[in-house]
């Protein structure tokens, strides 16, 4: 059957909170590595902070344009407006945001962008944002046709904590890089200091 074709005119952007060391960041880098030669290759990656090591340079080597929006505080109107400008300038039609903070920013930024669909995601259950962010997240989950999570526990968390409609949540478990695990196994045991 093959891979589904990308509809003509679809422009995809990925929004992440950061690209430093972390599980979701590694999963995102692995996904983008696999998509690099795919028809669904994203057109741009936007990082909402200057924390781009180690995965930002990897994405750039794969040919992804990387837009970095500097972070000064947890929530900034200037960063939100910069993200909105980026979405419009790049003529994005689909924005996939990784993690709650990136999803919240992308939700607010896409509200004034006609024809842009948002696919938010949540990658953890240990998140206790302030009241304003909780209100934003609840509105986001109610308005988006789908939300991605990486576990059933994550889905329950969104339903219980943010009143996300359960029928709109899609669970896609994290993938693993079998080749990388095999390479590490061949290297043999190593001593950590």
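In this note's numbering, the protein residues as written are 1404 to 1596.
We put the beta carbon where it would ideally sit given N, CA and C, even for glycine.
For residue i, three-class secondary structure by DSSP
| i | result |
| --- | --- |
| residue 1490 | helix |
| residue 1551 | strand |
| residue 1415 | strand |
| residue 1581 | helix |
| residue 1426 | helix |
| residue 1455 | coil |
| residue 1460 | helix |
Residue nearest to residue i in terms of C-alpha spacing, selected from the options
| i | options | result |
| --- | --- | --- |
| residue 1457 | 1467, 1425, 1528, 1537 | 1425 |
| residue 1517 | 1488, 1523, 1545, 1538 | 1488 |
| residue 1461 | 1409, 1579, 1423 | 1423 |
| residue 1446 | 1497, 1540, 1515 | 1497 |
| residue 1428 | 1538, 1577, 1476, 1543 | 1577 |
Those residues which DSSP pairs with residue i across a bridge
| i | result |
| --- | --- |
| residue 1573 | 1551 |
| residue 1447 | 1416 |
At least 3 beta-carbon pairs within less than 8 angstroms: the stretch 1529–1544 vs the stretch 1435–1455: no
Output the residue ranges of the beta strand (DSSP E) runs that lie fully inside the stretch 1465–1537 and measure 3 residues or longer, sorted by chain position. 1469–1471, 1497–1501, 1520–1522
Pair every Cβ in the stretch 1522–1529 with every Cβ in the stretch 1492–1512, then say whether three or more of these pairs are closer than 8 angstroms. Using a C-beta cut-off of 8 angstroms, the stretch 1522–1529 makes contact with the stretch 1492–1512, since at least three inter-stretch Cβ pairs fall below that distance.
Would the stretch 1430–1446 count as touching the stretch 1414–1422 if we require 3 or more Cβ pairs under 8 angstroms? yes
Taking three-plus beta-carbon pairs below 8 angstroms as touching, is the stretch 1504–1513 in contact with the stretch 1541–1556? yes
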